[in-house]
Ligand SMILES: NC(=O)c1ccc[n+]([C@@H]2O[C@H](COP(=O)([O-])OP(=O)(O)OC[C@H]3O[C@@H](n4cnc5c(N)ncnc54)[C@H](O)[C@@H]3O)[C@@H](O)[C@H]2O)c1
């Protein structure tokens, strides 16, 4: 049984507490939450025991210890992005593994620093890119890899959502949060599904008149991948229109046809005037664990097998690079090579 200290009892942290309770391989033995309002909500509305909540990671470590049969093995970091580095580096100092919420940081230079710190500490540092552990994501990646549509040449993703509308949160008040906090999921999915990392990006961002985000709530982004592959991403975070789910709507085109992933279904299509049209569903599910089980199992398997987890912080640098290159392109109004980030 792996024993974790959770940092951050905001809404996502409370969700994590529930997920961990349902998972057979781990338990939470202490929590860190410095803010009174979050502590109060966790205790009064979610039944968290006051005795397990501490002001700092140092206090939590003093209370529960590290390693052995009783002490903590890992930190589950569910703080806001600007805090991730401080939490991870403190955890590394105690030799604790870290499973941290995305995005790795809200600053690319900090991402590089924290990856190095994790490597030096010799612990596992994984980013919770949970979207790629969904059965649908796993299935479409497998179907693309099987060559069903041939070598993909184009991938188009659309996302319309009334995203992050609680006033005052970092999602609403900080710039470029839609790209940094939400779209890092889709960019990470692109890398997994297309099995490539992009080389350049061109982005435009704007804010519709009715939007509630201080930063840009809308964008159109084009990524160039190797092998003449292009991916577009269009998003509107203040949509009050119809929407499907947080995965967005995907279409991948190759010389042998198209794959569409939307609303929990995947469709293969092939249609040309010289051939009989085909539209068939690619069934999702068999052999794929539920999202959170898959993510946590990967973390614990990586510890047991002493290998890098699939979404290690080092691997995740390629996903956050897409975020920061897109933001740079939007700010500077030009095509940006990912290598420019250094
Ligand atoms: N993977 C997903 O699908 C998903 C979904 C939602 C949120 N998230 C991520 O989870 C993280 C937290 O999001 P949230 O919506 O819960 O944010 P939030 O602001 O609601 O909660 C964060 C909590 O962390 C606490 N905190 C701040 N500094 C701290 C510190 N030094 N030590 C311990 N706690 C500290 C705050 O007091 C707050 O209670 C973000 O990185 C977000 O992107 C991921």
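Numbering (my numbering), first residue to last: 200 to 541.
Where is the CB? At the ideal position from N, CA and C, for every residue including glycine.
Range covered by the beta strand (DSSP E) that runs through residue i
i	result
residue 477	477 to 481
residue 448	448 to 453
residue 522	Run containing residue 522: none in the beta strand (DSSP E); it sits in the alpha helix (DSSP H), 512 to 531.
residue 237	No beta strand (DSSP E) contains residue 237, which is instead part of the alpha helix (DSSP H) from 235 to 245.
residue 392	Per DSSP, residue 392 belongs to no beta strand (DSSP E); it is in the alpha helix (DSSP H), 383 to 393.
residue 418	417 to 424
residue 299	296 to 300
residue 324	324 to 327
Unbroken alpha helix (DSSP H) run spanning residue i, endpoints
i	result
residue 496	490 to 504
residue 315	307 to 320
residue 335	334 to 344
residue 401	From DSSP, residue 401 is part of no alpha helix (DSSP H) but of the beta strand (DSSP E) over 399 to 405.
residue 283	283 to 292
residue 412	Per DSSP, residue 412 belongs to no alpha helix (DSSP H) and is neither H nor E.
residue 216	210 to 221
residue 487	Here residue 487 belongs to no alpha helix (DSSP H), and DSSP marks it neither H nor E.
residue 371	369 to 372
Per DSSP, the bridge partner or partners of residue i
i	result
residue 458	451 and 467
residue 355	431 and 450
residue 200	BP columns for residue 200 are empty, so no partner.
residue 227	203
residue 271	265
residue 361	437
residue 252	230
residue 536	399
residue 258	BP columns for residue 258 are empty, so no partner.
residue 276	206 and 299
heavy atom of ligand 1 below 7 Å from residue i C-beta
i	result
residue 208	yes
residue 493	no
residue 285	yes
residue 239	no
residue 336	no
residue 301	yes
residue 509	no
residue 280	yes
residue 211	yes
residue 305	no
residue 327	yes
residue 518	no
residue 380	yes
residue 368	yes
residue 425	no
residue 222	no
residue 234	yes
residue 371	no
residue 265	no
residue 231	yes
residue 313	no
residue 481	no
residue 260	no
residue 277	yes
Inter-residue CB distance, residue i and residue j (contact presumed, cutoff 8 Å)
i	j	result
residue 481	residue 342	5 Å
residue 277	residue 349	Not confirmed; about 41 Å, so no contact.
residue 536	residue 402	Rounded, the Cβ-Cβ distance is 13 Å, inconsistent with contact.
residue 418	residue 378	7 Å
residue 296	residue 502	6 Å
residue 452	residue 353	4 Å
residue 518	residue 383	6 Å
residue 361	residue 437	7 Å
residue 275	residue 256	Rounded, the Cβ-Cβ distance is 12 Å, inconsistent with contact.
residue 423	residue 454	In fact, because the Cβ distance is near 19 Å, the residues do not count as touching under 8 Å.
residue 355	residue 478	That pair is no contact at about 18 Å.
Contact test: residue i Cβ vs ligand 3 heavy atom, cutoff 7 Å
i	result
residue 362	Ligands displayed in this structure: ligand 1; ligand 3 is not among them.
Do the stretch 261 to 280 and the stretch 234 to 245 make contact, defined as three or more Cβ pairs closer than 8 Å? Flag = no, the stretch 261 to 280 and the stretch 234 to 245 do not touch.
Would you check if there are 3 or more beta carbon pairs closer than 8 Å linking the stretch 423 to 430 to the stretch 330 to 341? no
Quick one: any contact between the stretch 365 to 374 and the stretch 509 to 524, if contact means 3 or more CB pairs under 8 Å? Counting Cβ pairs under 8 Å, fewer than three are found: no touch.
Sufficient close CB pairs (3 or more, under 8 Å) joining the stretch 494 to 506 to the stretch 300 to 319: no
Between the stretch 316 to 327 and the stretch 286 to 296, do at least 3 Cβ pairs fall closer than 8 Å? yes
When the Cβ atoms of the stretch 506 to 515 are set against those of the stretch 398 to 411, are three or more pairs found closer than 8 Å? no
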